Amino acid sequence: MNNTLLAIDIGSAFIHAVIAKHDLENNINILGTGTQKSAGVNKGLIVDIEEASKTIKNAVNLAKKSTTEPVDNCVVSISGSYSKSLRSSGSVNVPNGLITETEINQVMQMALYNATIVPEYEVVHVIPIYFKVDDSVEVDNPLNMNGSRLEVSVFIVTAKRTALTNIKSALNVAGFDMVKFVLDGYASAIAVLDEQQKKFGSTVINMGATTTEFITYKANSLVHNGFIPVGSNHITNDLSVMLHTPPGAAEKIKLEYGSITKDYTPNNELGITKVKIPRIGDEDTTSEVALDYIQTIIHARVEEDLVLVKNQLKKSGILDNIGSGIVITGGLSNLDGIKKLAEKVFDGIPISLSMPKNIKNGFINFDEPTLSTIMGLLQYSLGTNRNYQLDSSKKLVKPIKKEVYKEQKLESVHIGNPTQADKQHLSNSQKEEYQIKDNSTVLTPLNKEKKKGVSRFWNKVSEWF
Ligand SMILES: Nc1ncnc2c1ncn2[C@@H]1O[C@H](COP(=O)(O)OP(=O)(O)OP(=O)(O)O)[C@@H](O)[C@H]1O
Ligand SMILES: [Mg+2]
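Take 96 as the starting number for the sequence shown in the numbering used here and just add one per residue.
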């Protein structure tokens, strides 16, 4: 097992696949990338399994071209369009007075157990908002703290089972069976926010081709997520309908001349006020359209999208307590003037446009707003900024630290316990790490069915004391 990861972002415009692993300095090392124009996907949902799996396979094959490393794990983004989130809490006693990963797992499983998950939904994330040890102040990481009782408040993301099954089917057809899911918005937030923004709170709006997803971070935890079924393709459709031009020409106009703030009056810096566009049904005939009319169409759609986001944030109480501001990413954030429009809509809240923190990998550049989700998937799985949480298989995932990585390196060199000769070659700290690895516990989810009657009573009793 060398922890080579395949990450797949299934977007409505593009499907990205990246194969990556840690390098010797614990940086994310990209081994291969593949991008395909999306097919069989709409508003984050697989609408044609055959088409989608073919495209996924093509993207993955492209990524595999530049590496021979076998893939150990596969992580896939899922859209907020079929997700529901809720909060829960749990508490457990700490029998030995020292909090270990066993108690952290137990309390997270307890919080999940206490939550009412809608029957046709599956758990994707259980993320701690805060831990408390013996009613003390809130703590981010209770590992190795002393106490007799551990509590947790969690944010749970669930997703519609049928939607996940369709993704699994598409991946199965493409040849992958073991996958973990990560919420698209969560991944993009991990990729674009810095530590300060995660701590003080920020809302990330990912404006894609057919969806606008937004998530809010507060005190290093995800606390809210939402979704609007509108994206940049809607601008293309509006232009196509209003200007009676084919979608391909409308998309070209959007990308070439699309702007919300440019000056299109005579003698402007572009030197043009009108463009020639083909007509639907008779592409040899062109008609002239004023650029400021195009601007009005684009402005109306993007403003509507942002106002819908604002209304949802207001309804959920996020807007009045937004922290350090709003960060916009995703393909639509490339639109000229979008920052100004967002500043107007969000009325004084600081707005920034952001792309993923670039992962240095020779000549390949990943600082593109359309790559926020895929980069977030890599950082979620291989990065060093993760907290304890339960993943989509309801297993505890641990913060990735340099020491953990070193352990893995040692483990891959030595199968079984180190021999005396091995030990002589290890530094003291390495020996310690080896020790930790040897004592590691297998952490498994609680089984809800078995938690009825007497055991449920004991759980309640253990919560009271
Ligand atoms: N300058 C621009 N102005 C407006 N739209 C743009 C611009 N550049 C790219 N886009 C749009 O961004 C979209 C692609 O963005 P992105 O890759 O984030 O979407 P996606 O993740 O595939 O879609 P979704 O998240 O909705 O499933 C396309 O619709 C493209 O037209
Ligand atoms: Mg997207």
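Each residue gets a CB set at the ideal place from its N, CA and C atoms; glycine is no exception. The structure presented is a predicted model; accordingly, all values stated were derived computationally and were not measured.
Problem set entry | Check: Gly326 C-beta below 6 Å from any heavy atom of ligand 1 | If you number the sequence shown from 1, residue 326 lands on position 231. True, at least one ligand heavy atom lies under 6 Å from that Cβ.
Exercise. Going by other Cβ atoms of all chains shown within 10 Å of its Cβ, with 16 needed for buried, is Asp442 buried or exposed?
Worked result: Indexing the sequence shown from 1 puts residue 442 at position 347. By the C-beta density criterion, Asp442 is exposed, having fewer than 16 other C-beta atoms within 10 angstroms.
For this session: Would you list the residues sitting across from Tyr216 in a DSSP beta bridge?
Result: The residue given as residue 216 occupies position 121 in the sequence shown. Tyr216 pairs with Lys255.
Exercise. Using a threshold of 6 Å, is the CB atom of Gly280 nearer than that to any non-hydrogen atom of ligand 2?
Worked result: Translated into the one-based positions of the sequence shown, residue 280 becomes position 185. Not under cutoff, so the answer is no.
Exercise. Taking the Cβ atom as the reference point for each residue, do Asn137 and Ser107 lie within a distance shorter than 7 Å?
Worked result: Counting from one through the sequence shown, the residue named residue 137 turns up at place 42. Counting from one through the sequence shown, the residue named residue 107 turns up at place 12. Yes, they are a contact pair.
For this session: Write down the C-beta distance between Ile393 and Gly353 rounded to the nearest angstrom, noting that I regard them as a contact closer than 8 Å.
Result: As a first step, residue 393 is located in the sequence shown; it is residue number 298 there, counting from the start. As a first step, residue 353 is located in the sequence shown; it is residue number 258 there, counting from the start. Yes, Ile393 and Gly353 are in contact; Cβ-Cβ is about 5 Å, under 8 Å.
For this session: Taking 7 Å as the cut-off, decide whether the C-beta atoms of Ile444 and Ile417 are in contact.
Result: Within the sequence shown, residue 444 is the residue found at index 349, counting from 1. Within the sequence shown, residue 417 is the residue found at index 322, counting from 1. Yes. Within cutoff.
Problem set entry | When Asp229, Asp400, Lys349 and Ile469 are compared against Ala286, the one with the closest alpha-carbon | Here residue 286 refers to the residue found at position 191 when the sequence shown is read from its first residue. When only C-alpha atoms are compared, the closest one is Ile469.
For this session: For Thr331, collect the residues of the same chain with a Cβ closer than 8 Å to its Cβ; drop the 5 residues on either side in sequence, then sort them by chain order.
Result: Start at 1 with the first residue of the sequence shown, and residue 331 comes out as number 236. Excluding residues within five positions, the ones whose Cβ falls inside 8 Å are Pro342, Ala345, Glu346 and Lys349.
Exercise. Starting from Ala102 and walking both ways along the alpha helix (DSSP H), at which residues does that stretch end?
Worked result: Position 7 of the sequence shown, counting from 1, holds the residue named residue 102. From DSSP, Ala102 is part of no alpha helix (DSSP H) but of the beta strand (DSSP E) over Leu100 to Ile105.
Exercise. Should Gly129 go down as buried or exposed, given a rule of 16 or more other Cβ atoms within 10 Å for buried?
Worked result: By one-based count along the sequence shown, residue 129 stands at place 34. Answer is buried; the Cβ neighbour count reaches 16.
For this session: Determine the direct distance from the alpha carbon of Lys160 to that of Pro190, and round the result to whole angstroms.
Result: Taking the first residue of the sequence shown as position 1, residue 190 is located at position 95. Taking the first residue of the sequence shown as position 1, residue 160 is located at position 65. Their backbone Cα atoms lie some 52 Å apart in a straight line.
For this session: Return the Cβ separation of Gly127 and Ser283 in integer angstroms, given the expectation that the two are a contact with Cβ distance under 8 Å.
Result: One-based indexing of the sequence shown puts residue 127 at position 32. One-based indexing of the sequence shown puts residue 283 at position 188. Between Ser283 and Gly127 the Cβ distance is about 22 Å, and since that is not below 8 Å, they are no contact.
Problem set entry | beta-carbon Asn429 near ligand 1 non-hydrogen atom, thresh 6 Å | Translated into positions along the sequence shown, residue 429 becomes position 334. Because some heavy atom of ligand 1 lies under 6 Å away, the Cβ of Asn429 counts as near it: yes.
Exercise. Closest to Leu278 by CA distance: which of Gly321, Asn267 and Asn241 is it?
Worked result: Counting from 1 along the sequence shown, the entry for residue 278 is found at position 183. The shortest C-alpha separation from Leu278 is found at Gly321.
Problem set entry | Nearest-angstrom Cα separation, counted from Ser176 out to Leu140 | Mapped onto the sequence shown, residue 140 falls at position 45. Mapped onto the sequence shown, residue 176 falls at position 81. Between Leu140 and Ser176, the C-alpha separation is close to 8 Å.
Exercise. Where do the N-terminal and C-terminal ends of the alpha helix (DSSP H) with Pro342 fall, by residue?
Worked result: Mapped onto the sequence shown, residue 342 falls at position 247. Taken as a continuous stretch (DSSP letters only), the alpha helix (DSSP H) holding Pro342 covers Pro342 to Tyr352.
For this session: For Arg256, collect the residues of the same chain with a Cβ closer than 7 Å to its Cβ; drop the 5 residues on either side in sequence, then sort them by chain order.
Result: Here the question's residue 256 lines up with position 161 in the sequence shown. For Arg256, same chain residues with a beta-carbon under 7 Å away, outside a window of 5 residues either side, are Glu215, Tyr216 and Glu217 in chain order.
Problem set entry | Gly343 beta carbon near ligand 2 (any heavy atom closer than 6 Å) | Here residue 343 is taken as the residue at index 248 of the sequence shown, counted from 1. False, no ligand heavy atom lies under 6 Å from that Cβ.
Exercise. Any chance the segment 206-215 sits against the segment 163-172, with 3 or more Cβ pairs inside 8 Å?
Worked result: no
Problem set entry | Cβ-heavy atom distance, Thr468 to ligand 2, below 6 Å | For the purposes of this step, residue 468 is taken as the residue at position 373 of the sequence shown. Flag set: Cβ of Thr468 near ligand 2.
Exercise. For Ser180 versus Val252, is the C-beta distance shorter than 7 Å?
Worked result: On the sequence shown, position 85 is the one that residue 180 refers to. On the sequence shown, position 157 is the one that residue 252 refers to. Their beta carbons are under 7 Å apart, which means Ser180 touches Val252 by this criterion.
For this session: Return yes when at least one heavy atom of ligand 2 lies under 6 Å from the C-beta of Gly321, else no.
Result: Along the sequence shown, one-based indexing puts residue 321 at 226. Result no, Cβ not under 6 Å from ligand 2.
For this session: Take every Cβ of the segment 262-281, pair it with every Cβ of the segment 140-157, and state whether three or more of those distances are shorter than 8 Å.
Result: Proximity of the segment 262-281 to the segment 140-157 meets the contact definition, three or more beta-carbon pairs being nearer than 8 Å.
Exercise. Unbroken beta strand (DSSP E) runs of length 3 or more, entirely within the segment 226-296: which are they?
Worked result: Runs of the beta strand (DSSP E) inside the segment 226-296: 244-255 and 275-278.
Exercise. Roughly how many whole angstroms lie between the Cα atoms of Asn200 and Asp387?
Worked result: Position 105 of the sequence shown, counting from 1, holds the residue named residue 200. Position 292 of the sequence shown, counting from 1, holds the residue named residue 387. Counting only the Cα atoms, Asp387 lies some 58 Å from Asn200.
Problem set entry | Candidates Ile300, Asp104, Glu233 and Ser419: closest to Ile323 by CA position | Taking the first residue of the sequence shown as 1, we reach residue 323 at position 228. Closest option to Ile323, Cα to Cα, is Ile300.
Problem set entry | Cα-Cα separation, Thr424 to Ser243 | Residue 424 sits at position 329 when you count from the first residue of the sequence shown. Residue 243 sits at position 148 when you count from the first residue of the sequence shown. Rounded to the nearest angstrom, the two C-alpha atoms are 44 Å apart.
Problem set entry | Alpha-carbon spacing of Thr536 relative to Glu198, whole angstroms | For this step, residue 536 is matched to residue 441 along the sequence shown. For this step, residue 198 is matched to residue 103 along the sequence shown. In this prediction, Thr536 has a pLDDT of 32, which is less than 50 and means its spatial position is unreliable; nothing more can be read from the coordinates.
Exercise. Any heavy atom of ligand 1 closer than 6 Å to the Cβ of Thr128?
Worked result: One-based indexing of the sequence shown puts residue 128 at position 33. No, since every heavy atom of ligand 1 falls outside the 6 Å radius drawn around the Cβ of Thr128.
Exercise. Just reading off the beta strand (DSSP E) that Pro317 is part of, what are its end residues?
Worked result: Start at 1 with the first residue of the sequence shown, and residue 317 comes out as number 222. For the sequence presented, residue 317 should be read as Leu rather than Pro. Per DSSP, Leu317 belongs to the beta strand (DSSP E) from Ser316 to Ile323.
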